[in-house]
Amino acid sequence: MKNSTITVQDIPINITIENEEDYICISDIAKAKIGKSKTDDIIKNWLRNRSTLEFLGTWEQIYNPDFNYVEFDGFRKNSGLHTFTLSVTEWAMKTNAIGIYSKRGKYGGTYAHKDIAFEFASSISPIFKLYLIKEFQRLKQIENRNSEWNVKRLLTKNNYLIHTEAIKNYILPNKNYYKDKSWLKYAEEADILNVIIFNTTAKEWRELNLDLSKNSNMRDFATINELTVLSNLETHNAELIKEGKSKEERFDILSNIANYQLNVLNKRKQKHIN
9 MKNSTITVQD
19 IPINITIENE
29 EDYICISDIA
39 KAKIGKSKTD
49 DIIKNWLRNR
59 STLEFLGTWE
69 QIYNPDFNYV
79 EFDGFRKNSG
89 LHTFTLSVTE
99 WAMKTNAIGI
109 YSKRGKYGGT
119 YAHKDIAFEF
129 ASSISPIFKL
139 YLIKEFQRLK
149 QIENRNSEWN
159 VKRLLTKNNY
169 LIHTEAIKNY
179 ILPNKNYYKD
189 KSWLKYAEEA
199 DILNVIIFNT
209 TAKEWRELNL
219 DLSKNSNMRD
229 FATINELTVL
239 SNLETHNAEL
249 IKEGKSKEER
259 FDILSNIANY
269 QLNVLNKRKQ
279 KHIN
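Residues 9 to 282 in the working numbering are what the sequence shown spells out, letter by letter.
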């Protein structure tokens, strides 16, 4: 579970991830309402409104196959009565609703799917809702940028252990890396893949990019397709090493694999663009 916080008109609002969907704390949103009402009372008053129940019921019917329509109809019929009250917990338990729920502890409060949270924000203040959407979108943009970078790096790291273990076990058996510096073999193996994908070694790339940070890596500037293939090559190379293939043999085999996979991925990307 991932938790984030955005600030809307000086009010911190917690956001969490449930089943890969964003849920916003409407208890935090309720704090924006002017007056002395408690946040729980504000949510209860909103929940007992017929239009609110119609909205929640429709949302559940669209996204929740286990939604209990019978219980929902009962709540909807009674929603016009002055004596009608409904809590979030009761709504969730009796209708099997997934769009809104309450939890205790750290980051506790009432959380609602972003669709529902934005609707709730409308009842608080249309202006607050606009600022909420703006800050939420800004958060998503930041997360997307970070996610793309993380995907790039993870693609190259996922098979790193397999790759290096194969080198250690099949190329450098029983070596003392500190005495004879045979660890340089790691760099040579990495450069086989670097040359196949990037047409250069790591050293050559650094020499051509002296203006960049010392921590810069050619893989940080690669495309997703290149890194996807590079990750695949690490696994293939590990298997070829186990089979006792020479560097020359592995280079030819891996080059053919890379050319094929890059062509497939690049064509698919171009098709989506067109």
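Cβ coordinates follow ideal geometry from the N, Cα and C atoms, glycine included.
Alpha carbon of residue i to alpha carbon of residue j, nearest angstrom
i	j	result
Ile14	Asp30	13 Å
Trp54	Asn11	25 Å
Lys46	Phe229	51 Å
Glu242	Leu201	8 Å
Glu247	Asn152	34 Å
Glu197	Glu26	41 Å
Ala38	Glu212	58 Å
Gly88	Arg58	7 Å
Tyr178	Asn217	Its pLDDT being 46, under 50, Tyr178 is placed unreliably by the model, and the measurement read from it follows with that caveat. About 34 Å.
Asn240	Ile150	28 Å
Asn264	Leu138	53 Å
Ser190	Ile204	Residue placement at Ser190 cannot be trusted, given a pLDDT of 48 that sits under 50; what the coordinates show is reported in the next sentence. Roughly 23 Å between the two C-alpha positions.
Phe80	Arg227	53 Å
Lys52	Asn225	54 Å
Ile70	Val272	36 Å
Ile249	Arg112	53 Å
Pro73	Gly82	19 Å
Thr209	Glu215	10 Å
Arg84	Phe92	10 Å
Thr24	Ile42	25 Å
Ile19	Glu28	25 Å
Ile232	Asp260	23 Å
Phe206	Lys122	42 Å
Gly252	Arg258	10 Å
Ile125	Asn86	A small correction: the amino acid at residue 125 is Ala; Ile does not occupy that position in the sequence shown. Distance between the alpha carbons of Ala125 and Asn86 is about 23 Å.
Val130	Ile50	Before going on, a small fix: residue 130 reads as Ser here, not Val. When rounded, the distance between both Cα atoms is 13 Å.
Ser254	Asp199	15 Å
Pro134	Gly116	25 Å
Of the listed residues the options, nearest to residue i (C-alpha basis)
i	options	result
His90	Ile106, Arg56, Asn76, Asn72	Arg56
Ala105	Val78, Asp48, Thr208	Val78
Leu147	Asn22, Glu257, Asp18	Asn22
Glu68	Thr93, Ala38, Tyr109, Ile37	Tyr109
Asn274	Ala125, Ser239, Glu234	Glu234
Asn267	Val237, Lys255, Arg258	Val237
Asp48	Asp260, Ser95, Thr66	Ser95
Glu127	Gly116, Thr66, Lys85	Thr66
Under 8 Å between C-beta atoms of residue i and residue j
i	j	result
Ser35	Thr118	yes
Ala40	Ile141	no
His244	Leu270	no
Ala120	Ile32	yes
Leu283	Gly107	Outside the shown range of the chain, which is 9 to 282, sits residue 283, and nothing can be said about it.
Phe144	Gln17	no
Asn76	Lys102	yes
Segment limits, beta strand (DSSP E) that includes residue i
i	result
Asn72	First-last for Asn72: undefined, no H or E at that position.
Glu26	19–26
Lys111	108–111
Tyr115	That residue, Tyr115, is in no beta strand (DSSP E); it is neither H nor E in DSSP.
First through last residue of the alpha helix (DSSP H) which encompasses residue i
i	result
Ile51	47–55
Ile42	Ile42 -> no alpha helix (DSSP H), and no H or E assigned at all.
Asp123	122–132
Thr15	Premise fails: Thr15 lies in the beta strand (DSSP E), 11–16, not in any alpha helix (DSSP H).
Lys102	96–103
* Asked: Quick one: complete alpha helix (DSSP H) runs, 4+ long, within the region 190–256?
  -> 192–206, 210–216, 232–250
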